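Trainee:
In the numbering used here, the protein residues as written are -1 to 147.
Set out below in structure tokens:
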């Protein structure tokens, strides 16, 4: 601005503090009114949040009970694809077919394929359980012995 002779152009605007107009003085009552309005607005916002929270907690109890009851109904054994319970003392054809995931009347090829697939996943050399591997082999032997073809 000094190079232009102290005249500011329209595009340059007011950049420096000495060029800005003097600040307008606000009265103390005007400042107090603005502060009071702001405090009232904040207070009303907090009160609204409090009432909304109280309403939510009142509704949540019965809603929580309904959700819990529905979850208990859904988690019944009829919806589960897994066999619930341990192994029987003496393995039956039903249990053997559940272990291998084939029907009790499956052919030897299907039994061998299912056995191979499960043993790859549960082999003791690959970190599987030796007990489960024994049960899988026992299931294969039982179903193959009973199958004629």
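Beta carbons are placed, not taken as given, at the ideal position from N, Cα and C, and that holds for glycine.
Owing to the predicted nature of the structure, the values given are computational and were not obtained by experimental measurement.
Evaluate contact between the segment 127 to 143 and the segment 91 to 100, counting only Cβ atoms and requiring at least three cross-stretch pairs below 8 Å.
Mentor: yes
Trainee: Contact between the segment 108 to 124 and the segment 49 to 69 is defined here as three or more beta-carbon pairs at a separation below 8 Å; is this criterion met?
Mentor: no
Trainee: Tell me which residue opens and which closes the alpha helix (DSSP H) that residue 121 is part of.
Mentor: Numbered from 1 along the chain shown, position 123 holds the residue referred to as residue 121. No alpha helix (DSSP H) contains residue 121, which DSSP labels as neither H nor E.
Trainee: Quick check on DSSP: helix, strand or coil for residue 55?
Mentor: Locating residue 55 in the chain shown gives position 57, counting from the first residue. Three-state result, residue 55: helix.
Trainee: Using the rule of at least 16 other Cβ atoms within 10 Å of the residue's Cβ for burial, across every protein chain shown, is residue 138 buried or exposed?
Mentor: Along the chain shown, one-based indexing puts residue 138 at 140. Classification of residue 138: buried, given that the 10 Å Cβ count is 16 or more.
Trainee: Let me know the secondary structure DSSP gives residue 105 once reduced to three states.
Mentor: Position 107 of the chain shown holds residue 105. DSSP places residue 105 in coil when its eight states are reduced to three.
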